[in-house]
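**Q**
In this note's numbering, the protein residues as written are 10 to 113.
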């Protein structure tokens, strides 16, 4: 196993702080995903390591709005909550997205 240079470690850190996932960092630097993850884990043991996946479809404000709708009794199911939130946000979400929020 070859060692990672300090300049590569700096690149990994800067890309991670810019919000890139480990997969994107690995592909841009021609490194393995495990290598990137290990470097980030060594350098930032207490921080959340960015992982692959989709960005959230609902902002924290929108999530809070949905939860308030349920807490206040204005909606009683995810379809009603989805209809309400889709009238507010520009990009429509599915009722499954709202269900996933409620599972958290």
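Glycine residues also receive a C-beta, built at the ideal position from the N, C-alpha and C atoms.
1. Can you tell me whether residue 34 is helix, strand or coil according to DSSP?
2. Would you call the segment 71-87 and the segment 95-108 touching, i.e. three or more CB-CB distances under 8 Å?
3. Give every residue of the same chain whose Cβ lies closer than 6 Å to the Cβ of residue 40, excluding the five residues on either side of it in the sequence, and list them in chain order.
4. Work out the CA separation of residue 67 and residue 99 for me, nearest whole Å.
5. Tell me whether the beta-carbon of residue 91 lies closer than 8 Å to the beta-carbon of residue 81.
6. Rounded to whole angstroms, what's the CA-CA distance from residue 70 to residue 96? Just pull it up for me.
7. Do residue 93 and residue 78 count as a contact pair if the criterion is CB distance below 8 Å?
8. I'd like to know whether the C-beta atoms of residue 18 and residue 53 end up nearer to each other than 8 Å.
9. Using the C-alpha atoms, what's the distance from residue 83 back to residue 36?
**A** Quick answer:
1. helix
2. yes
3. none
4. 11 Å
5. no
6. Answer to the nearest angstrom: the Cα atoms are 15 Å apart.
7. yes
8. Taking 8 Å as the cut-off, the Cβ atoms of residue 18 and residue 53 do not count as close.
9. 46 Å
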